[in-house]
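**Student:** Below: one structure in structure tokens.
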């Protein structure tokens, strides 16, 4: 450290200031203290920011996990609705097929009915219908 004191005294002499060896040593020790204090403050700020960032990340992770749980519940509900809608569609398709079969059966019965050659009323039938009020 003696060579540092000598350098500090010589630099102060170049600037026109006369320093004692004690003052030069104290000045050097004070500079080291300021440097160490600044480094400690910077390290403390870095640790504080790292802790804050970690806490923020944990909070954000919890929010994302909650959103994922909500989305998973919504997805399960949509899957349940899809199964229900598919069941309704299959039931309706079955009913439509049964109705189509019934229509074909009715059309077959219509086609199988013999033609009526006596389509008009006779005079006797006309008189009877005219008298109905």
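Numbering (the numbering used here), first residue to last: 935 to 1067. Just so you know, even glycine gets a beta-carbon here, dropped at the ideal spot from N, CA and C.
Taking the Cβ atom as the reference point for each residue, do residue 946 and residue 952 lie within a distance shorter than 9 Å?
**Tutor:** Contact flag set, yes.
**Student:** Going along the chain, which unbroken runs of the alpha helix (DSSP H) with 4 or more residues stay wholly within the region 1009 to 1046?
**Tutor:** none
**Student:** Using a threshold of 9 Å, state whether the C-beta atoms of residue 963 and residue 940 are closer than that.
**Tutor:** no
**Student:** Compare the Cα-Cα distances from residue 966 to each of 938, 1009 and 1014 and report the closest residue.
**Tutor:** 938
**Student:** Count the other CB atoms within 10 Å of the CB of residue 1059; is the residue buried (16 or more) or exposed (fewer)?
**Tutor:** exposed
**Student:** State the Cα-Cα distance for the pair residue 984 and residue 969, rounded to the nearest angstrom.
**Tutor:** 22 Å
**Student:** Ordered along the chain, which non-local residues of its own chain (more than five positions away) have a Cβ less than 6 Å from that of residue 943?
**Tutor:** 953 and 958
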